[in-house]
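Data block below; observations after.
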Amino acid sequence: MSAHDMRGKVALVTGAGQGIGQAVAAELCRRGVSVALLDRAEDRLRAAVADLPRSQALAVVADVTDPAALRHAVAETVGTFGRLDYLVANAGIAPAPATVRGGDDAAFNRVLDVNLRGVYNTVRAGLEPVTAVGGHIEVISSGAAFLPGPGGAAYMISKAGVEQLARALRLECAPYRVSVGTTYFGIVHTAMTRTTLDDHPLGAQVGALLPWPLNRRISPAQAARAVADAVQNRSSHTFRPRAWAGVAVLRGVLGVVADPLLVRSARIHRLIRQLDGS
Numbered sequence: 477m478s479a480h481d482m483r484g485k486v487a488l489v490t491g492a493g494q495g496i497g498q499a500v501a502a503e504l505c506r507r508g509v510s511v512a513l514l515d516r517a518e519d520r521l522r523a524a525v526a527d528l529p530r531s532q533a534l535a536v537v538a539d540v541t542d543p544a545a546l547r548h549a550v551a552e553t554v555g556t557f558g559r560l561d562y563l564v565a566n567a568g569i570a571p572a573p574a575t576v577r578g579g580d581d582a583a584f585n586r587v588l589d590v591n592l593r594g595v596y597n598t599v600r601a602g603l604e605p606v607t608a609v610g611g612h613i614e615v616i617s618s619g620a621a622f623l624p625g626p627g628g629a630a631y632m633i634s635k636a637g638v639e640q641l642a643r644a645l646r647l648e649c650a651p652y653r654v655s656v657g658t659t660y661f662g663i664v665h666t667a668m669t670r671t672t673l674d675d676h677p678l679g680a681q682v683g684a685l686l687p688w689p690l691n692r693r694i695s696p697a698q699a700a701r702a703v704a705d706a707v708q709n710r711s712s713h714t715f716r717p718r719a720w721a722g723v724a725v726l727r728g729v730l731g732v733v734a735d736p737l738l739v740r741s742a743r744i745h746r747l748i749r750q751l752d753g754s
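Take the sequence shown: its letter number 97 is residue 573 in my numbering, and every next letter is one higher.
Below, the structure written as structure tokens:
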């Protein structure tokens, strides 16, 4: 679809206290959008809002795992700005790598609560006002939705889940002129990436499994421009780096070819034993 004028529109961005979400909020403000920044951490949320035009930014403290808090956040957004045109369901977490065998149940469930149920809760809370204006919903997924990797089952499940949620929404919202897009990122250079990949010895080994150009990193600002463009253009699919688009198209073939090779890889066997602590 062609780009439309964003000036005067209103967005709600989850996970907006830092990283990609903070950068998306700033980019949308730059394009003339008023933004409700939602995050569970009040201190970093206040810092993020302080850098934005006061008339265009609203700080909303809420946890995406709490449906009632999200309904209140949407009501506050509409009450402040008068409408809600865009939802950007960005909030997500990535724990340290762990196998299903050696991992922690609570950590696994927490990832699904935030990354998958949190997106569902966000959409449920904001769908009526967005539908009223024929707006747009942007869901943040990942290349992890269609590539296997040791130690990341919860994250991969959550990102595959939100991809399918967005596909269902795209069909269900079409009669009401609401568009739904999915953005797939590879590695974005954020604090979360540093914690789970760079500064974690086994995480660094997991990250090293990605070949070029899929391992090319982008900045939060680059990610934010991609998301803002997707919202403005009402794009259905966005990939950054763009090489991930080819993987998405060929995922069925790549799975048949790559999975047997990965299963036999001595390098991956060693890494899995390390992750299991054996």
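Beta carbons are placed, not taken as given, at the ideal position from N, Cα and C, and that holds for glycine.
Sequence-distant residues of the same chain with beta carbon closer than 8 Å to residue i, five excluded per side
{"i": "L673", "result": "I663, G679, A680, V682 and G683"}
{"i": "P573", "result": "P626, G627, G628, T672, H676, L678, G679, V682 and L751"}
{"i": "V511", "result": "V486, A487, L488, V489, A492, A501, L504, C505, L528, Q532, A533 and L534"}
{"i": "G753", "result": "G578"}
{"i": "V525", "result": "L513, A533, L534 and A535"}
{"i": "A742", "result": "none"}
{"i": "M477", "result": "Reliability fails at M477, whose pLDDT of 44 lies under 50, so the model's placement of it is uncertain and no value is given."}
N-terminal and C-terminal residue of the beta strand (DSSP E) that residue i is part of
{"i": "T490", "result": "V486 to T490"}
{"i": "L730", "result": "No beta strand (DSSP E) holds L730; the alpha helix (DSSP H) holding it covers R727 to R740."}
Beta-carbon separation (whole angstroms), residue i vs residue j, contact threshold 8 Å
{"i": "S617", "j": "T658", "result": "5 Å"}
{"i": "I569", "j": "N591", "result": "7 Å"}
{"i": "T541", "j": "G594", "result": "6 Å"}
{"i": "P651", "j": "R600", "result": "That belief does not hold up - the Cβ atoms of P651 and R600 are roughly 18 Å apart, past 8 Å."}
{"i": "G611", "j": "N566", "result": "No, G611 and N566 are not in contact; Cβ-Cβ is about 16 Å, not under 8 Å."}
{"i": "K549", "j": "L514", "result": "In the sequence on display, residue 549 carries Ala and not Lys. The Cβ separation is near 6 Å, so the contact holds."}
{"i": "G624", "j": "L738", "result": "Looking at the sequence shown, residue 624 is not Gly but Pro. Yes, they are in contact, since the Cβ atoms of P624 and L738 sit about 6 Å apart, within 8 Å."}
{"i": "S712", "j": "R653", "result": "14 Å between Cβ atoms; not a contact."}
beta-carbon residue i near the ligand FMN non-hydrogen atom, thresh 6 Å
{"i": "V729", "result": "Summarising the ligand content, the structure contains no ligands, and the ligand FMN is consequently not present."}
Beta-bridge partners of residue i, as assigned by DSSP
{"i": "Y631", "result": "Answer is none; Y631 lacks a bridge partner."}
{"i": "A533", "result": "V511"}
{"i": "S655", "result": "H612"}
{"i": "T714", "result": "T659"}
{"i": "M563", "result": "Before going on, a small fix: residue 563 reads as Leu here, not Met. Note: L563 sits in a beta bridge opposite L488 and I613."}
{"i": "L693", "result": "With the sequence shown as reference, residue 693 is identified as Arg, and Leu is not the correct amino acid for it. Paired residues: I663."}
Nearest candidate by alpha-carbon position, reference residue i, set the options
{"i": "I744", "options": "R522, D581 and L686", "result": "L686"}
{"i": "L747", "options": "G731, S655, G628 and R516", "result": "G628"}
{"i": "R716", "options": "V707, A734, L726 and R701", "result": "R701"}
{"i": "L560", "options": "R693, G728 and R483", "result": "R483"}
{"i": "V707", "options": "Y562, L514 and A526", "result": "Y562"}
{"i": "I694", "options": "S711, D481, T669 and P624", "result": "T669"}
{"i": "R643", "options": "V615, V576 and I633", "result": "V615"}
{"i": "R586", "options": "Q698, R516 and P571", "result": "P571"}
{"i": "I418", "options": "Y596, P605 and F584", "result": "The chain is shown only over 477 to 754; residue 418 falls outside these bounds and no answer can be derived."}
{"i": "W688", "options": "A697, P696 and R718", "result": "R718"}
{"i": "Q640", "options": "P605, Y596, Q698 and G728", "result": "Y596"}
{"i": "V638", "options": "L588, V606 and Q698", "result": "L588"}
{"i": "D580", "options": "A699, A630 and V732", "result": "A630"}
Residues near residue i by beta carbon distance below 7 Å, same chain, minus five either side
{"i": "S531", "result": "none"}
{"i": "W720", "result": "G619, Y660, G662 and L690"}
{"i": "A704", "result": "V500, E503, L504 and R507"}
{"i": "L730", "result": "V723"}
{"i": "R740", "result": "none"}
{"i": "R547", "result": "A601"}
{"i": "T598", "result": "T490, V540, L546, L563 and A565"}
{"i": "R749", "result": "none"}
{"i": "R522", "result": "A535"}
Residue range of the alpha helix (DSSP H) that includes residue i
{"i": "L504", "result": "G495 to R506"}
{"i": "F584", "result": "D581 to L588"}
{"i": "R522", "result": "E518 to A526"}
Close Cβ partners of residue i (< 6 Å) along its chain, the five nearest in sequence each way excluded
{"i": "C757", "result": "Outside the shown range of the chain, which is 477 to 754, sits residue 757, and nothing can be said about it."}
{"i": "Q494", "result": "R520"}
{"i": "K635", "result": "S617, S618, A620 and A621"}
{"i": "E518", "result": "V537"}
{"i": "F557", "result": "V486 and S510"}
{"i": "T553", "result": "L488, A512 and L560"}
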